[in-house]
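So the sequences go chain by chain: Y and R. Residues in the first sequence are numbered consecutively from 958, following our numbering. Residues in the second sequence are numbered consecutively from 298, following our numbering. From the three backbone atoms N, C-alpha and C, an ideal C-beta is built for every residue, glycine too.
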Amino acid sequence: EAGVAQSPRYKIIEKRQSVAFWCNPISGHATLYWYQQILGQGPKLLIQFQNNGVVDDSQLPKDRFSAERLKGVDSTLKIQPAKLEDSAVYLCASRLGQANTGELFFGEGSRLTVL
Amino acid sequence: EDKVVQSPLSLVVHEGDTVTLNCSYEVTNFRSLLWYKQEKKAPTFLFMLTSSGIEKKSGRLSSILDKKELFSILNITATQTGDSAVYLCAVIQGAQKLVFGQGTRLTINP
């Protein structure tokens, strides 16, 4: 079974530039999450999709971050314009979406460095 | 505000020691608690706990949940250098939202 695919793995940009990350979840997984993990901290939820609908985006900085999952499969996360504090690993994860199907499968992450 | 707090934040022990990692939580509409191990890449799943008092075991690792006192512990016996990692605790709430703790960085010295 193929895992959660993310790209790019690494990205270095200057502040005020834009960047986009892509995620393809495990086939059939209805729930998709984007997390931001700053060095030394636990993952922080940015947005959660159920199929192509947004379940929770309360912690997404909407003035600069946006995410979509138009066909309910793959998803993109965009940052525009980037700030220094956006330097982090952006983790995508997916689940089947059924209650108590606990395991969350993570991608390898996209490491962003903002200079 | 929902929160998941792990302790200690960092722990250094010698190979062969036993360690206990703690996770306490205050969340609305609790469903389950998960433990993950994170080495240099993505977190990998260890356990899911839903019921109080039922220990889950996998080799040298075990975990238990106390829903009355709102905490969980992760035990690792006879530690090995390969156990060095960040251990993350996460809570599943209502609509399957996962809230993570800040993690415990465990270092096992030979």
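Following the DSSP letters along the chain, one finds G1010(Y) inside the beta strand (DSSP E) bounded by residues 1010-1013. DSSP, reduced to helix, strand and coil, places T315(R) outside both helices and strands of the structure shown, so it counts as coil. When the beta-carbon positions are compared, G398(R) and N326(R) stay at least 8 Å from each other. Counted as a single uninterrupted DSSP element, the beta strand (DSSP E) harbouring D363(R) occupies residues 358-363.
Measuring C-alpha to C-alpha distances from N406(R) to each of S360(R), V310(R), S304(R), V301(R) identifies V310(R) as the nearest. A direct Cα-Cα distance of roughly 16 Å separates T378(R) from T401(R). Of the other Cβ atoms in all chains shown, fewer than 16 fall within 10 Å of the Cβ of I969(Y); this residue is therefore exposed.
A buried status is given to A1045(Y), since no fewer than 16 other beta-carbon atoms sit within 10 Å of its beta-carbon. Judged by DSSP in its simplified three-state form, E1042(Y) adopts helix. The three-state secondary structure of T341(R), taken from DSSP, is strand. C-alpha of D1013(Y) to C-alpha of G313(R): approximately 43 Å in a straight line. In this structure, the straight-line span from the alpha carbon of F978(Y) to that of S964(Y) is close to 6 Å. T374(R) sits in coil when the DSSP states are folded into three classes, being neither helix nor strand.
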